[in-house]
Amino acid sequence: MSTATRTSSNSRAGNRSGSREPSGPQTPPGSVAERAPRRRISPERIAAGITLLALLAASIVALDNIGIDPAKMARSWSNAERFFTRVGAISFPEPGELLYLTGLTLGLVICGTLLAAVISVPVAYLAASNTTPGNGWRAFARFFGVLTRAIPDVVFAMVFVLIFSLGALPGILAIGIHSIGMISKMFADAIEQIDEGPRLAIRAGGGSKLQEFMAGVLPQVMPSWVATVLHRNDINLRGSVILGYVGVVGLGMQMSFAFKSLDYGLGLGFALVIFVLCVVMEVVSSAVRAAMLGIQPTGRGLGDRMLRGLRRIRPGSARLGVQAAAASPAAMLYRPWNSARVRNTVWGWIAAAVVVGSILICNIQWGDLVTVWAKVPAIAVQFWPPSFGSYEASTMFDAMGETIAIALAATLLTAIVSIVVGSLAARNVAPNSGVRGGMRLLLVVVRGIPEIILAIVLIVISGLGTQAGTIALAIGGVGLLGKLLADSFEEVKAGPERALTAAGASRLQVYAGATVPQGLRAMIGHTFYMIDCNIRSATLLGIVGAGGVGYYLLNASQGSHYGVVTAIVLMILVTVLLVEGLAIWMRRVFR
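In structure tokens:
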């Protein structure tokens, strides 16, 4: 090869390699800087890591200050023995009364959840980045969702009991308005994750905004929306118990009356009914989701597995059905009454009947919605301006700090247990199906126990204070966080796990090297979600003597010091907004 040819080849090779290098000062060949530089960690990621460590340290300090002492609780078991001796046999109301109270509780929960779902549709449309008319609308919708999520439903119930007096309507409105925060957020997240192709095709064909949404967005998000509404309905059923302490009718109110009158046997009877109802609702919701949306390969709920075990789909039946439908254009335009269509129609009519029955049993006085506006100005004046009343500002801030400490300590305990239980409940981590099924069943049972019932039992054992509230929140949180972590671990990409397995890695090495790193972002997001939930829950548990600012909230409401209620709500709102902002920042940094 000639010298000219070698020179030309070297020049072309240099050009090709240079085209792949970033622009900037050139370094001499063979220098250290010519090697591939190490990946630099951004300052923002470093700040986020420091923030996580600071929160972990604060949680450890909070847990230490609360002073949970298992040995002392064991020594206090004699209190529980005396309590159960005094309780005697658990009693229940008359079957007819119990059936009515159960139907009334379910009715107001279902009506409240559906009210939130309906209002959340336009809120989510405005909050989603790909459907909002502008950034101003998006910011307003997001803030509205955070605001409704930050104000506890018990505070809404206090206000609506003042306006409408006792009945189901205050509970429906309290549950509905508070639930908008979570449902609209989940709805908006689902809208942002759609395939934009169908919507843009409708727009290119001259379709209106409404047609884009109905035909291009709604069909894609409907499965996620149904699952979100059913999940929120389960949460609202457990939360309805505490509403009974502020005048909302149902099982919660009767349980509060029984405990206040020292009829502990009847109170525990109501608590047992509520627990069974929550577990049954969890199973039914999972089965309804599977039946309405079809059994998916990734269905993980207890109802999904039950339904999958009962049904047997013949191999190739779905494929033959598609081929038959696609035989001709006329066949494609005709929707046959196949099993799927019959099933969906039946479920639709059942759902409509449940909604109608819920409305009827709640006996809503619709005229109150028209005449209530005359009462609003007089009631609003009682809540403004906010003040601490006869309490010192330092006392209220200390109580709010105690609530935050309970939330952080409970989240730490929940995270430790949930990582173990949630991992063993994941299909790709559990050593066998028996362990996975047992962990899933445990999560369902724990999730079915309302935190307030746990708090009441623990208060009996360990006495009033933050210890009972922290343990109650920690146990109740395992059911939710463990499920979220298990689902997140099952949804990670299988490629890295298979690669490590093929290289001879053990199950623990695969878990630590592939499963956890992929699920880290979800773990951080779910943990912040638990902090958010625990701050509100800690406030509510303070109502029954579990420590924190909830004690002052209940006293203020019972003493008609509504300015104090407003001040406490504003403190909770600021705290929740800070947690929400931290969570958004963390998800963005660690994405």
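So for the sequence shown, our numbering puts the first residue at 15; every next one is plus one. Virtual Cβ for every residue (Gly too), placed ideally from N, Cα, C. Treat the numbers as computed from the prediction; the structure is a model and nothing was measured.
{"query": "Contact under 7 Å by Cβ, residue 198 with residue 299", "result": "no"}
{"query": "Distance, residue 59 Cα to residue 525 Cα", "result": "24 Å"}
{"query": "C-beta atoms of residue 567 and residue 582 nearer than 7 Å", "result": "yes"}
{"query": "Pairwise C-alpha distance: residue 289 and residue 480", "result": "23 Å"}
{"query": "Identity of the residue in 266, 196, 144 and 178 nearest residue 158 by Cα", "result": "196"}
{"query": "Secondary structure of residue 181, DSSP reduced to three states", "result": "strand"}
{"query": "Residue(s) in a DSSP beta bridge with residue 360", "result": "Per DSSP, none; premise fails for residue 360."}
{"query": "Through-space distance from residue 505 to residue 511, alpha-carbon basis", "result": "12 Å"}
{"query": "Any 3 or more C-beta pairs closer than 8 Å across the stretch 163-176 and the stretch 268-285", "result": "no"}
{"query": "Neighbourhood of residue 596 by C-beta distance below 6 Å, restricted to the same chain and skipping five residues each side", "result": "none"}
{"query": "Contacting residues, own chain, Cβ-Cβ under 7 Å from residue 459 (five flanking each side not counted)", "result": "293"}
{"query": "Ranges of the alpha helix (DSSP H) found wholly within the stretch 233-262, counting only runs of at least 4", "result": "none"}
{"query": "For residue 497, three-class secondary structure by DSSP", "result": "helix"}
{"query": "Own chain residues within Cβ distance below 7 Å of residue 423, not counting five before or after", "result": "73, 76, 77, 80 and 484"}
{"query": "Residue 498 vs residue 540 beta-carbon contact at 7 Å", "result": "yes"}
{"query": "Sequence ranges, alpha helix (DSSP H) only - wholly within the stretch 52-86, length at least 4", "result": "57-80"}
{"query": "Contacts around residue 612, its chain only, beta-carbon distance under 6 Å, and the 5 residues preceding and following it disregarded", "result": "The requested residue 612 is not part of the displayed model; the chain covers only 15 to 605."}
{"query": "Local conformation of residue 546 per DSSP, three classes", "result": "helix"}
{"query": "Buried or exposed by the 16-neighbour rule on C-beta atoms within 10 Å, applied to residue 149", "result": "exposed"}
{"query": "Residue 380, buried or exposed, once every other Cβ within 10 Å from all chains shown has been counted against 16", "result": "exposed"}
{"query": "For residue 69, the nearest candidate out of 418, 400 and 359 (CA to CA)", "result": "418"}
{"query": "Contact under 7 Å by Cβ, residue 515 with residue 400", "result": "no"}
{"query": "Candidates 223, 216 and 67: closest to residue 136 by CA position", "result": "223"}
{"query": "Integer Cβ distance of residue 428 from residue 488, believed to fall under 8 Å", "result": "5 Å"}
{"query": "Residue 126, DSSP secondary structure in three states", "result": "helix"}
{"query": "Exposure label - residue 412; buried when at least 16 CB within 10 Å", "result": "exposed"}
{"query": "Same chain, Cβ closer than 6 Å to residue 121, five either side skipped, listed in chain order", "result": "372, 375 and 376"}
{"query": "Bounding residues of the alpha helix (DSSP H) (the contiguous stretch that carries residue 151)", "result": "149-164"}
{"query": "Status (buried if at least 16 other CB within 10 Å, exposed otherwise) for residue 188", "result": "buried"}
{"query": "Cβ-based burial, residue 340 [other Cβ within 10 Å; buried from 16]", "result": "Low confidence applies here, because residue 340 scores a pLDDT of 45, under 50, leaving its location unreliable and the question unanswered by this model."}
{"query": "Neighbourhood of residue 407 by C-beta, 6 Å cutoff - its chain only, sequence neighbours within 5 removed", "result": "none"}
{"query": "Span of the alpha helix (DSSP H) around residue 211", "result": "210-218"}
{"query": "Cα-Cα separation, residue 287 to residue 126", "result": "21 Å"}
{"query": "Stretch pair the stretch 224-233 + the stretch 437-448: three plus CB contacts closer than 8 Å", "result": "no"}
{"query": "Whole-angstrom distance between residue 213 and residue 236, CA atom to CA atom", "result": "15 Å"}
{"query": "Beta-carbon gap between residue 62 and residue 492 smaller than 7 Å", "result": "no"}
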